[in-house]
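Protein chains in written order, with our numbering: chain Z, 49 to 312; chain V, 4 to 390. Quick reminder that beta carbons are idealized off the backbone N, C-alpha and C, glycines included.
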């Protein structure tokens, strides 16, 4: 009798636990089937000045960048976004940084690269791919592609820190907060949140600056070497540059369709 | 039946005390990691998965390996394995427990773990891995418990258990397949991007799992009144033989494809692991040790006289287990991250706290294993009337 009631209790408790755990999964299926009664969608109020595009893209003119400008570009980004300056290499965080051609384009090896290009500073950042492998890999949709303009974004509050996105990114564009980043921030920009330990972060294509009608911080600091515009608009500045110049993208053969182009 | 785990000799409690101590050290170190962050490990921006995920991958294999006693008994009616299917199922439970704990300790924000359920994302392989691992755990608990209870009560297990047993067989294959898919579908990671990764994982699993099971059977025979049986152990040894040979064959296939095609993206990781790259080669001695252990283990298993000698078999199983552990638990994961996507070489080695947490998780798994095996063996002893 005792045995029986205990067993029944465990059965009920088990079923209840299962039901609680499975509810969001069921809800998700129900919502996609159109039977869910979801709360009204929140509506964002758009700034009249906001810059908008169907598919944001970037063209970096390598020839126009010297070390000094590149340093200014990196600093502009990292100050704007409270990117910590961590000396210990394993814990390093970077959103945009300088590297060499052979590291930026390892799948285009060339023993006899022009001397100028061999030593040119190449800026690398998140490519905001059309088919982002990181978004495919994320188990919580903490990283996602904004349908309206193609920007690959991060929700730092949802990220569980599994780092699957870092394994999936073929460009090494993502950083993980191995330690609390806040003590390593030199000048705090109160316009943008700092992050906590245990989450992944990366370049955002400056979506909140675009929403205020400002160009990305790197573009502003680049003295005209970086162009930013709508890849879907044939009349845009970036499309004009792409029409006029030969450009390459990083690891094109992988089919991720990066939105960052390089004039080399 | 749980009460059987509460009655034991001094040796049993001594083992539990040792394991509990190691587990305790791991827990304390884990609190330190919660405080500081994953920065206490050797992982980095470039090698963003390390020891924890590697142990997870290896142990998914050990869990899947349990099916190698279940399948011959239930699908081929190989009666001899009827004595030990429960050991395979209980080993799987312990191994999956460790897998789930390794995922937990690897998370940067473990308190947000349930986000995987709150925001289910079917395009992520991790979502499916969660389903297959928890499903396999559930299947083995239900099947193992009911079959053992029936044996204890000298009855047949309820009929609804049978379909679950049949489901558990392909399910075992699925856990290691999905785990391989975590890696092999990632663009730009040449080392893992091979269609043979899942078969390779499975072959190493079916070597490591049964090799561990042989060792556990011999320990049970030595310290309890239940003898898993000589025929059973010899059959397991044959399974290990085929599996380790397949594993070595698959590895040679990888080497051929990478080096005959001469594609740097695929060669570089293997070169890094076995010869070093740009002067970095911290894993080189380990990788050669792994190959040495697996090859000599395979040779010893092929020779009937060696395989049938239980002293040699013990040494061979230790070699196979250690060889496959180095291959998967050390080389497979960090090897895929070095060189990094920008073709820079930044190496990885686990730190002391990382190793302590790892040992703590292994201890937790072996506590579960000891309790479950104690129950199973007590039931077997009761049935034989020797308790």
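- Taking 7 Å as the Cβ-Cβ cut-off, the region 110-121 of chain V approaches chain Z at 110, 111, 112, 115, 116, 118, 119, 120 and 121, given in chain order.
- The straight-line gap separating the alpha-carbon atoms of residue 297 (chain V) and residue 316 (chain V) is approximately 14 Å.
- With a minimum length of 4 residues, the unbroken runs of alpha helix (DSSP H) contained wholly in the region 73-122 of chain V fall at 88-109 and 118-121.
- The alpha-carbon separation between residue 42 (chain V) and residue 60 (chain V) amounts to approximately 22 Å.
- For residue 190 (chain V), the nearest CB of chain Z lies under 8 Å from its own CB, placing it at the interface with that chain.
- Secondary structure at residue 197 (chain Z): coil, using DSSP grouped into helix, strand and coil.
- Taking a beta-carbon distance threshold of 8 Å, residue 201 (chain Z) does not count as an interface residue toward chain V.
- Under a criterion of Cβ atoms nearer than 8 Å, no residue of chain Z is adjacent to residue 272 (chain V); the nearest Cβ is some 13 Å distant.
- Counting other Cβ atoms within 10 Å of its Cβ, residue 302 (chain V) stays below 16 and is therefore classed as exposed.
- The C-beta of residue 156 (chain Z) comes no closer than 8 Å to any C-beta of chain V.
- No Cβ of chain V is located within less than 8 Å of the beta carbon of residue 198 (chain Z).
- Look at residue 54 (chain V) here: in three-state DSSP terms it is helix.
- Under DSSP, the beta-bridge partners assigned to residue 106 (chain Z) are Z:276 and Z:308.
- Neighbours of residue 228 (chain Z) in chain V, taken as residues whose beta carbon is under 7 Å from its own, are 40 in chain order.
- The closest CA to that of residue 167 (chain Z), considering only Z:178, Z:173 and Z:152, is found on Z:152.
- Rounded to the nearest whole angstrom, the CA to CA distance from residue 55 (chain V) to residue 201 (chain V) is 20 Å.
- For residue 361 (chain V), the enclosing alpha helix (DSSP H) covers residues 355-387.
- No Cβ-Cβ contact shorter than 8 Å links residue 92 (chain Z) with residue 277 (chain Z).
- Spanning the alpha carbons of residue 128 (chain Z) and residue 263 (chain Z) requires a straight line of approximately 13 Å.
- For the pair residue 247 (chain V) and residue 210 (chain V), the CB atoms are nearer than the 8 Å cut-off.
- By the neighbour-count criterion, in which a residue is buried when 16 or more other Cβ atoms sit within 10 angstroms of its Cβ, residue 285 (chain V) is exposed.
- Here residue 164 (chain V) carries a helix assignment [DSSP, helix/strand/coil].
- Ranked by Cα distance from residue 375 (chain V), the first of V:90, V:12, V:31 and V:22 is V:90.
- Against chain Z, the beta carbon of residue 130 (chain V) has neighbours under 7 Å at 187, listed in chain order.
- One alpha carbon belongs to residue 218 (chain V), the other to residue 26 (chain V), and they sit about 22 Å apart.
- The Cβ atoms of residue 367 (chain V) and residue 100 (chain V) sit closer than 8 Å to each other.
- Look at residue 277 (chain V) here: in three-state DSSP terms it is helix.
- Here residue 222 (chain V) carries a helix assignment [DSSP, helix/strand/coil].
- Per the DSSP secondary-structure output, residue 147 (chain Z) pairs in a beta bridge with Z:170.
- In the three-state DSSP reduction, residue 295 (chain Z) falls in the strand class (E or B).
- Note: residue 192 (chain Z) is bridge-paired with Z:201 in the DSSP secondary-structure output.
- Annotation: residue 130 (chain Z) is outside any alpha helix (DSSP H) and is labelled neither H nor E by DSSP.
- With its beta carbon less than 8 Å from one in chain Z, residue 52 (chain V) belongs to the interface.
- The bridge partners DSSP lists for residue 340 (chain V) come to none.
- Nearest in C-alpha terms to residue 178 (chain Z), of all of Z:280, Z:290, Z:310 and Z:289, is Z:280.
- If you look at residue 299 (chain V), you'll find it in the alpha helix (DSSP H) that goes 287-305.
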